[in-house]
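Asker: Count the sequence shown with my numbering and you get residues 19 to 266, in order. Note that the Cβ used here is the ideal one computed from N, Cα and C, for glycine as well.
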Amino acid sequence: MGLEAAAARVASAERIVVLTGAGISTDSGIPDFRGPKGVWTKNPEAEKAATIQHYLTDPEVRRRAWLGRLDTPVWTAEPNLGHECVATLERQGRLHALVTQNVDGLHQEAGNDPETVIEVHGTVRYSRCWGCGDRRPMRETLDRVRAGEADPPCLVCGGIVKSDTISFGQSLVPEVIDRAMQVSAECDLMLAIGSTLSVYPAANCVPIAKRSGAAVVIVNGQPTEMDHHADHLLIGQIADILPTLVGV
Ligand SMILES: [Zn+2]
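(1) So, under 8 Å CB-CB, residue 277 and residue 206 are touching, yes? Tell me the CB distance rounded to an integer number of Å.
(2) Tell me, which residues are paired with residue 70 by DSSP?
(3) Could you check whether the region 241 to 252 touches the region 213 to 233, counting it as contact only if at least three pairs of C-beta atoms, one from each stretch, sit closer than 8 Å?
(4) Let's test the definition: count the other Cβ atoms within 10 Å of the Cβ of residue 157 and tell me whether it reaches 16, buried, or not, exposed.
(5) Please tell me whether residue 265 and residue 28 are closer than 9 Å, where the distance is taken between their beta carbons.
(6) With distances taken from CA atoms, which of 39, 101, 257 is nearest residue 220?
(7) Mark residue 209 as exposed unless 16 or more other C-beta atoms lie within 10 angstroms of its C-beta, in which case mark it buried.
(8) Mind pulling the alpha helix (DSSP H) runs of 4 or more residues that sit fully within the region 95 to 152?
(9) Helix or strand or just coil, what does DSSP make of residue 241?
(10) Considering only heavy atoms of ligand 1 and the C-beta of each residue, which residues fall inside 5 Å, strictly closer?
(11) I need the straight-line Cα distance from residue 103 to residue 75, nearest angstrom please.
(12) Assign residue 100 to one of two classes, buried (16 or more other C-beta atoms within 10 Å of its C-beta) or exposed (fewer than that).
(13) Can you name, in chain order, every residue of its own chain whose Cβ lies under 8 Å from the Cβ of residue 90, other than the five neighbours on each side?
(14) Within this structure, are the beta carbons of residue 155 and residue 162 separated by less than 9 Å?
(15) So is residue 83 buried or exposed if we call it buried at 16+ other beta carbons inside 10 Å?
(16) Using alpha carbons as the reference points, say which of 129, 145, 146, 125 lies closest to residue 137.
(17) Return the bridge partner residues of residue 155 from the DSSP annotation.
(18) Determine the direct distance from the alpha carbon of residue 48 to that of residue 252, and round the result to whole angstroms.
(19) At what residue ranges does the region 184 to 250 contain a whole run of the alpha helix (DSSP H), taking only runs of 4 or more?
(20) When the Cα atoms are used, what is the spatial distance from residue 117 to residue 37?
(21) Would you kindly work out how many angstroms separate the C-alpha atoms of residue 153 and residue 257, rounded to a whole number?
This is the structure in structure tokens:
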């Protein structure tokens, strides 16, 4: 019943903004970070490595981080049905923008235009120099690690290189956040998938869309912080709900 009504609402929408979180990628084998089986719950050292201060000041933290990047499941993960449903909305010409809290790049792998995807927490698929900002595909930098550089310096300025993600203690990129808020104010339907909507400022996309007159549809495995804004709240497995919701 609830799903049918939500599907009708999605079918009539013309400018959809999709907001995704870790829940859409768990079916692809990408673990989330703070859940019961999360990376940081099981390994507090990994969270320490994700803190920018530790990363910049401790070469050992960087060496461990590079080894971890070689091993991340992102390199073998494939987009799942959830990603494909979102890509379908873009093929239909109804996806205004895709705001994601994920850093795995799986939306682009599923066929979403990189120009449409707003990665508020960055991406592990690129490396970036902390000094000069030089950005290049992570695979190139990982080739240097495999060739023996335990902590590969920037090829341009010799500075410290990290993944192009937002670490703890690191500022978000204002232009990226501004764009996420702007598109949220412009949509006629906000579809939030697989996010607990508890991390700001990304979570603000939902009330901004609501205030601008958009319908709000939330799909998640458990309740979210923004359930009170939802016109349609769909709690359950993303892979069960999304194909019906978007009509694929
Ligand atoms: Zn540099």
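Answerer: Taking the structure as given:
(1) This structure leaves residue 277 out entirely; the chain is present only between 19 and 266.
(2) Residue pairing by DSSP places residue 70 in no beta bridge whatsoever.
(3) The region 241 to 252 vs the region 213 to 233: in contact.
(4) Only exposed fits residue 157, as fewer than 16 other CB atoms lie within 10 angstroms of its CB.
(5) In contact: residue 265 and residue 28 (Cβ atoms closer than 9 Å).
(6) Ranked by Cα distance from residue 220, the options 39, 101, 257 are led by 39.
(7) Classification of residue 209: buried, given that the 10 Å Cβ count is 16 or more.
(8) For the region 95 to 152, whole alpha helix (DSSP H) runs of length 4 or above, ordered along the chain, are 99 to 109, 124 to 127.
(9) In the three-state reduction of the DSSP assignment, residue 241 falls in the coil class, being assigned neither a helical nor a strand state.
(10) Those residues placing their Cβ nearer than 5 Å to any heavy atom of ligand 1 are, following chain order, 147, 149, 150, 152, 172, 174, 175, 177.
(11) Taken atom to atom, the span from the alpha-carbon of residue 103 to that of residue 75 is near 42 Å.
(12) Classification of residue 100: buried, given that the 10 Å Cβ count is 16 or more.
(13) Correct list, in chain order: 142.
(14) Not in contact: residue 155 and residue 162 (Cβ atoms no closer than 9 Å).
(15) Under this definition residue 83 is a buried residue.
(16) Closest by C-alpha distance to residue 137, out of 129, 145, 146, 125, is 125.
(17) Beta-bridge partners assigned by DSSP to residue 155: 144.
(18) Between the alpha carbons of residue 252 and residue 48 lies a distance of about 22 Å.
(19) Listed in chain order, the complete alpha helix (DSSP H) runs (minimum 4 residues) inside the region 184 to 250 are 192 to 204, 223 to 229.
(20) Cα to Cα, residue 117 sits roughly 5 Å from residue 37.
(21) One C-alpha to the other measures close to 34 Å.
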